[in-house]
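Note sheet for the following structure.
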Amino acid sequence: MKIGCHVSIADSIDRAVDRASEIGCNTFQIFTRSPRMWKARELSEEEVTAFKEKIGKTEISPVVSHMPYLPNLSSSNPKPYKRSIDTLRLELERCNMLGIPYLVTHLGSHLGKGKVKGQKQIVNAINTAVSGLDKHPMILLENTSGKTNETGSTFIEIGEIIEKVSTDHVGVCFDTCHAYARGYDITNPKGLLDTINEIESNIGMDKIKVVHLNDSKGELGSRMDRHNHIREGNIGEKGFLNFLSSSFKEKPLILETPVDDFRSDKDNVEKAKALYMWANKVV
Ligand code: MN
Ligand code: MN
Ligand code: ZN
């Protein structure tokens with residue numbers, strides 16, 4: 008069982024490893040930089056070394072990086088588009104430095120130009136960002152909840168993008184909240200099987216390298232991207248028991264649950280572990 012959550016890199020990036028260990032994660036996700044700014048603080052050699060050393064002393068694997076929020080890889084506006092590609096390129100390089108194997112990215116918004124144009128932009132963005140790199144972390148395309156103009160809310164669409172990119176080092180991050188909000192009913196056996204079948208015929212379950220395990224404030228098909236604490240949303244206990252008894256349980260499960268007073272990250276991780284064990288009758 009691989010379970011962890013998104014942790015902060017405040018003070019120094021290696022502190023993320025301490026935080027993850029303290030709350031019982033054996034996998035975790037970070038932003039390697041502030042996610043709400045274009046400019047990235049440079050990583051010092053000391054913190055890179057400290058990060059790798061600390062990881063080496065734990066059982067934590069894999070570490071996952073998440074792209075910042077501002078880039079829009081589906082954009083057709085030249086300036087922000089170029090900036091978005093540069094940000095992806097830089098993030099690939101930062102992951103290389105840190106030895107991080109997976110980089111999760113959103114697919115962006117086509118801003119009304121249509122799905123086909125959006126896809127063309129994202130394929131070109133990935134191809135441009137990886138060109139000339141002899142290695143790069145696997146880029147994981149995250150399914151979205153399907154708000155207006157959003158690219159990549161179905162596994163058919165994500166499959167079309169993966170097929171067109173020039174690198175084969177591209178996979179998928181499956182977000183349970185986004186999938187549910189988009190209308191994939193992962194809370195019952197039939198809905199989950201339909202979801203897995205759609206993934207199998209368009210992408211392959213083996214391409215799913217990370218799961219974002221989040222409950223959903225929005226209802227099935229609401230297309231609302233609002234995360235909830237584990238078991239407290241519309242996916243709920245029954246939904247997670249169903250999901251965690253499927254082949255998704257073999258994937259690294261990373262929580263992106265709300266940061267508020269209702270419940271701590273540590274307690275969400277514990278809830279997820281308990282549900283996992285319950286779903287799989289592990290004593
Ligand atoms: Mn995300
Ligand atoms: Mn997510
Ligand atoms: Zn989300």
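FYI, the numbering for the sequence shown is 8 to 290, going by the numbering used here.
Cβ atoms here follow ideal geometry from the backbone N, Cα and C, with glycine treated the same way.
| Item | Value |
| --- | --- |
| Touching by the beta-carbon criterion (3+ pairs, under 8 Å), the stretch 69-80 and the stretch 108-115 | yes |
| Helix, strand or coil at residue 109 [DSSP, three-state] | strand |
| By C-beta, the residues closer than 6 Å to any heavy atom of ligand 2, given in chain order | 149, 182, 219, 263 |
| Residue 41 - partner residues in DSSP beta bridges | DSSP lists no partner for residue 41. |
| Cβ-Cβ distance between residue 184 and residue 217 below 7 Å | no |
| heavy atom of ligand 3 below 6 Å from residue 222 C-beta | no |
| Contacts around residue 283, its chain only, beta-carbon distance under 6 Å, and the 5 residues preceding and following it disregarded | 8, 251 |
| Residue 287 (DSSP reduced to helix, strand or coil) | coil |
| CB contact flag (residue 241, residue 223, <7 Å) | yes |
| Reduced DSSP category for residue 122 - H, G, I as helix; E, B as strand; rest coil | helix |
| Residue 234 to residue 225 span [Cα, whole Å] | 8 Å |
| Span of the alpha helix (DSSP H) around residue 55 | 52-63 |
| Inter-residue spacing [alpha-carbon to alpha-carbon] between residue 200 and residue 37 | 31 Å |
| Buried versus exposed, by CB contacts within 10 Å (16 or more), residue 139 | exposed |
| C-alpha gap between residue 5 and residue 159, whole angstroms | It is not possible to answer for residue 5, since the shown part of the chain is limited to 8 through 290. |
| Cα-Cα separation, residue 45 to residue 208 | 37 Å |
| Proximity to residue 182 [Cα-Cα], best of 262, 64, 56, 71 | 262 |
| Residue range of the alpha helix (DSSP H) that includes residue 185 | 183-189 |
| Nearest to residue 16 (by Cα), restricted to the options 50, 31, 173, 33 | 50 |
| Residue 152 beta carbon less than 7 Å from that of residue 230 | yes |
| Cβ neighbours of residue 188 in the same chain (closer than 6 Å, five flanking residues each side left out) | 152, 223, 225, 229, 230, 231 |
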